[in-house]
Each structure stands twice: as C-alpha cells, then as structure tokens.
Amino acid sequence: MHEMGIALNILDIVKQEMDSYGAEKLISICLVVGEFTAIAHHSLTFCLEIITKDTPFEGVRLEIEQIPLIGRCINCKNEFAIEGNRFICTKCSSKAIETISGRELFIKEIEID
Amino acid sequence: MKIPVIRNILEANDQLAAENKSLFKQNNLLVLNLMSSPGAGKTTLLERTIDALKDKIRIGVIEGDIQTTFDAERIAKKGVATVQINTDGACHLDGKMIRYALKEFDLSSLDLLVVENVGNLVCPAEFEVGEDYKIMILSVTEGDDKPPKYPLMFSKSSVLLINKIDLLPYIDASVEKIRRASVEINPNLEIFEVSCRTQTGLDSWFNWILQRVPKYKTG
Ligand SMILES: Nc1nc2c(ncn2[C@@H]2O[C@H](COP(=O)(O)OP(=O)(O)OP(=O)(O)O)[C@@H](O)[C@H]2O)c(=O)[nH]1
Ligand SMILES: [Mg+2]
Ligand SMILES: [Zn+2]
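Printed below as a string of structure tokens:
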C-alpha cells in the first residue's frame, strides 16, 4: 500500500527540518490528515516503525490529528459535515458543494531535542 | 522542543507532477490518467480507443503495472508508442515514475498521452502525475455499491465509464444506482455506459477525447 511511500516522504521532510535546526533527537511527529484521503492511520504508523527501526529515529511517536470532511454550499453558504459521502446541501439540497476541509495531508510540527 | 513545520507530505510529488504538466502544455498534449480496479477493462478500453482514433490523432501510452509487460505488449501491437513502468510493489504511479517514462517519448510528436495506472480503486486517486483529467472505469461486475465505498476516486475523476454493460442480463447490478451514487459524490462527473466487448456506447467517449485534444480544439 502507498502508506510506505508516504512514510518515506514524511521522514525526508522531517530530516530536512531537523538539519535546518541542527537537531539530533526526534521525539515525535504530528500530522494533520483529512478524513477524505486514502490514508490508513495504523498502516502509516506501522510503516514509519519499519523504516526507522535501527536508525536514530527508532521509537519516534506519531500523532495524527484527523480533520472532518466539511462542505460549504455555493448556493446558500450553509456549512455542514458531509456524512456518508452525500455531497448535497443539508439545507437547500444543492449539489454545488465546495470541500472546505477533509483533504489535508501535512506535517504540522515535530518535537526535537 | 516543538517546532512548527506545516509542509504538505506530497509536496515532492506535487512538484514533479507540476513539472510534468508544464512539459505536457509546452507540447500541446492532452494527458489522461486512467484508473480502475484490476480487470475493469483499462487496457481493453485503450485498445478500442487506439483502433478508433489512431488515424486522427497521434497516441502514446504509459502502462503501469506492479509486474509484467503484458499490457504494454497488447498496446504495442496496435502500433503506438508504449512504455511499461513496473512499480515493483507500489500500488499507484506517481509523478516521478512518469517523469522517468517521459524520457522514452518524443512528446512533440504526440497529441494524446494515456497513462494506465495500476489496477487499484483507492491509492492512484491520491497521486497527481501531471494529467489534465482523471478517468475512471467501474465495471458492472464489481457491484453497484462501489461509489460510496471508494469515494475519493469518484470525487477526483472527471469521467466515469461504466463498462461491461453487455453482462448486465447475468448479474444484479443496477446502472441507475451506480449513476445516482456517483453524482452524489461528484455532480460534475461525466458518465458513459459502455461495453468494450460489444463496442456499445464508445462513440461518445471517443468524441469526448477528440473535443479536448488541442489539435482538434483549435483546428
Ligand atoms: N464481457 C466483457 N468483458 C470485458 C469488457 N471489457 C473488458 N473485458 C474483459 O475483462 C478482462 C480484463 O480486461 P483488461 O482490459 O485487461 O482490464 P485492466 O483494467 O486493464 O486490468 P489490469 O491492468 O490488470 O488492472 C479481459 O478478459 C477483457 O476481455 C466488456 O465490456 N465486457
Ligand atoms: Mg491493464
Ligand atoms: Zn445550500
């Protein structure tokens, strides 16, 4: 699954950031992951464990903040949680919905020593 | 010490995809990213599409598979430029693999490049390769409950081809149900009902492509 590639990307970015701070010990990584992404959290945690084993990063803690899928109706401006993949306004039934959150996939912060 | 980072995890891929895209634009190329679960009919659709359009436009194909060159061999038989990418386990193609494959093409001599992604209804939707449009196939034999189960691909695609409709008499899938659930996720989705076996419904698909090929759009 592609969680392995994502874990490698995360580690690349984290290494760059650590270098720029001259940091040596990595304690934790905090990610923000939208509900509407194809990322399995446990699988990502597992991949990160594998690729950091026997490296200075072994034992790094992964925290994941999940962001709910929220839509905004272009017609009536109603903001609502999209449930069961129904991209339909809960007030006016319009189908013109923009996704305002739920597709995030970024590193928010890291904890270093 | 906690330090803020705020960096998109896919930034490296998005960057490469953007570079691919500008290369495609420079060469006046229409690029389609073709996705579906294994066996829904991607390669068969490509064979039909090449047969129908190869006298009108110049076509190139990138075949993505975990292993083997079966699909590239099928396409190469049609006499179009073909490159096979073996992902060696990866469940999707990404911007870097496409960049690599592009070295094998003379892009200025093509009008249409189709990327057949690895058979998988989940992961390919997450990775841009620099395409103009994402095209997905759902075959009726996969069942009519698939849109809400795999919403990301339905939401990111511009076209849904519902394939293998020749088999409808033998199964209990409802095309209406697939349509309804798909537009609930993505109201802008264009839907074609086709059979690559009997060639039903394919003309609208061919026209959809021709209308978007830069050479035809302007000429
Ligand atoms: N009955 C029927 N069979 C079809 C149709 N389209 C494709 N097939 C068959 O479905 C099988 C799989 O088709 P492919 O085109 O190889 O599928 P694919 O999506 O490229 O498969 P992968 O690349 O392995 O993911 C083949 O045996 C095709 O002949 C159709 O419209 N009707
Ligand atoms: Mg194929
Ligand atoms: Zn509304």
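Order-wise, the sequence lines are chains A and B.
Sequential numbering from 19 applies to the first sequence in the working numbering.
Sequential numbering from 268 applies to the second sequence in the working numbering.
Every residue, glycine too, gets a C-beta built ideally from N, C-alpha and C.
Computed from a predicted model, the values in this text were never measured in an experiment.
Those residues which DSSP pairs with residue i across a bridge
| i | result |
| --- | --- |
| K269 (chain B) | A:E129 |
| G331 (chain B) | B:I352 |
| G155 (chain A) | Since the first residue of chain A shown is 19 and the last is 131, residue 155 (chain A) is not available in this structure. |
| F531 (chain B) | Limits of chain B in this structure are 268 at one end and 486 at the other, which puts residue 531 (chain B) out of reach. |
| N275 (chain B) | A:F124 |
| V382 (chain B) | B:N300 and B:I329 |
| Y400 (chain B) | B:L299 |
| V50 (chain A) | A:E83 and A:F124 |
| I115 (chain A) | A:C91 |
Buried versus exposed, by CB contacts within 10 Å (16 or more), residue i
| i | result |
| --- | --- |
| G40 (chain A) | exposed |
| R79 (chain A) | exposed |
| Y367 (chain B) | exposed |
| A99 (chain A) | exposed |
| G102 (chain A) | exposed |
| M364 (chain B) | buried |
| Q478 (chain B) | exposed |
| Y437 (chain B) | exposed |
| N455 (chain B) | exposed |
| G346 (chain B) | exposed |
| I68 (chain A) | exposed |
| R447 (chain B) | exposed |
| T349 (chain B) | buried |
| K413 (chain B) | buried |
| D411 (chain B) | buried |
| L20 (chain A) | The amino acid occupying residue 20 (chain A) in the given sequence is His; Leu does not appear at that position. The residue is buried, with at least 16 neighbouring Cβ atoms inside 10 Å. |
| S449 (chain B) | buried |
| I273 (chain B) | exposed |
Whole-number beta carbon distance between residue j and residue i, since they are thought to touch under 8 Å
| i | j | result |
| --- | --- | --- |
| L296 (chain B) | L374 (chain B) | 6 Å |
| T408 (chain B) | I432 (chain B) | Not really, about 10 Å apart at Cβ, beyond 8 Å. |
| T354 (chain B) | I333 (chain B) | 5 Å |
| N453 (chain B) | L369 (chain B) | Contact flag wrong, Cβ pair sits at about 29 Å. |
| L360 (chain B) | V385 (chain B) | 6 Å |
| S462 (chain B) | L388 (chain B) | Wrong, their Cβ atoms sit about 20 Å apart, outside the cutoff. |
Any non-hydrogen atom of ligand 1 within 7 Å of residue i CB
| i | result |
| --- | --- |
| N300 (chain B) | no |
| A440 (chain B) | no |
| A114 (chain A) | no |
| S303 (chain B) | yes |
| C463 (chain B) | yes |
| G468 (chain B) | no |
| G40 (chain A) | no |
| L29 (chain A) | no |
| L456 (chain B) | no |
| A319 (chain B) | no |
Cβ-heavy atom distance, residue i to ligand 2, below 7 Å
| i | result |
| --- | --- |
| T310 (chain B) | yes |
| E409 (chain B) | no |
| E383 (chain B) | yes |
| D338 (chain B) | yes |
Ligand 3 heavy atom lying under 7 Å from the CB of residue i
| i | result |
| --- | --- |
| K109 (chain A) | yes |
| N353 (chain B) | no |
| S61 (chain A) | no |
| C91 (chain A) | yes |
| C94 (chain A) | yes |
Any non-hydrogen atom of ligand 4 within 7 Å of residue i CB
| i | result |
| --- | --- |
| L277 (chain B) | What this structure holds is ligand 1, ligand 2 and ligand 3, not ligand 4. |
Taking one C-beta from the stretch 333 to 342 of chain B and one from the stretch 415 to 422 of chain B each time, how about it: are there three or more such pairs within less than 8 Å? Too few Cβ pairs lie closer than 8 Å, so no.
Touching or not, the stretch 74 to 92 of chain A and the stretch 113 to 121 of chain A, by the rule of three or more beta carbon pairs under 8 Å? With a cut-off of 8 Å, the stretch 113 to 121 of chain A and the stretch 74 to 92 of chain A count as touching, because enough Cβ pairs lie within range.
If we count Cβ pairs, one from each stretch, closer than 8 Å, do we get three or more for the stretch 375 to 383 of chain B versus the stretch 273 to 284 of chain B? The stretch 375 to 383 of chain B makes no contact with the stretch 273 to 284 of chain B: fewer than 3 CB pairs, one atom from each, lie closer than 8 Å.
Do the stretch 69 to 78 of chain A and the stretch 34 to 48 of chain A make contact, defined as three or more Cβ pairs closer than 8 Å? By the Cβ rule, the stretch 69 to 78 of chain A counts as touching the stretch 34 to 48 of chain A, because three or more pairs are nearer than 8 Å.
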